[in-house]
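With our numbering applied, the sequence shown covers 507 to 618. In this text, a Cβ means the ideal position worked out from N, Cα and C, and glycines have one as well.
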Amino acid sequence: MCLFCKIVNKEIPANIIAEDEKFLAFHDINPKAPVHILTIPKVHFESFNEVAPETMAGVTTFIQKVAQETKIDESGYRIITNIGEDGGQEVKHLHFHILGGAKLTSCFVDNS
Ligand code: AMP
Ligand code: ZN
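Written out as structure tokens, the structure is:
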């Protein structure tokens, strides 16, 4: 079972901030911004490549609610989902990073 499935099953603790029947939101363990939340569907999809449009419809509403509850909806935020090797995906369970709470910079190509 993957790491995030274990969080869904409460086998591994997480700092959960929102949950419903289908989705879970929790604080990223290694935050890259003042607000850094991960939102996942409870059902395992490896990445965005596999997800069904119905799940994306549900995740949209869920993320909007999380943004309102954490009060970043008006100041602004960024949603990122990394896909595969070039996308920099480390955990192979579809997740959406919600980043905010400060002016974000961008760095999209690894020049190192
Ligand atoms: P990605 O590189 O898009 O796969 O992002 C994986 C994210 O999961 C990283 O930002 C990690 O800091 C985060 N992460 C890894 N393990 C945990 C955990 N146990 N609880 C919360 N976040 C985690
Ligand atoms: Zn999983």
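- For GLU525: DSSP bridge partner residues: LEU530
- Message: Quick check: ILE513 and ALA531, are their CB atoms within less than 8 Å of each other?
- Response: no
- According to DSSP, is PHE602 helix, strand or coil? strand
- From GLY590 to GLU552, what distance separates their C-alpha atoms? 9 Å
- Task: With DSSP as the reference, label VAL572 as helix, strand or coil.
- Result: helix
- Message: Mapping the DSSP letters down to three states, classify ILE513 as helix, strand or coil.
- Response: helix
- Mapping DSSP to helix, strand and coil, what is VAL615? coil
- 8 Å Cβ cutoff met for HIS601 and THR545: yes
- Item | Per-residue burial, GLY594 [other beta carbons within 10 Å of its own, 16 or more giving buried] | exposed
- Does DSSP put VAL549 in a helix, in a strand, or in coil? coil
- Report, in whole angstroms, the separation of the C-beta atoms of ALA539 and GLY607, which I expect to be a contact under 8 Å. 6 Å
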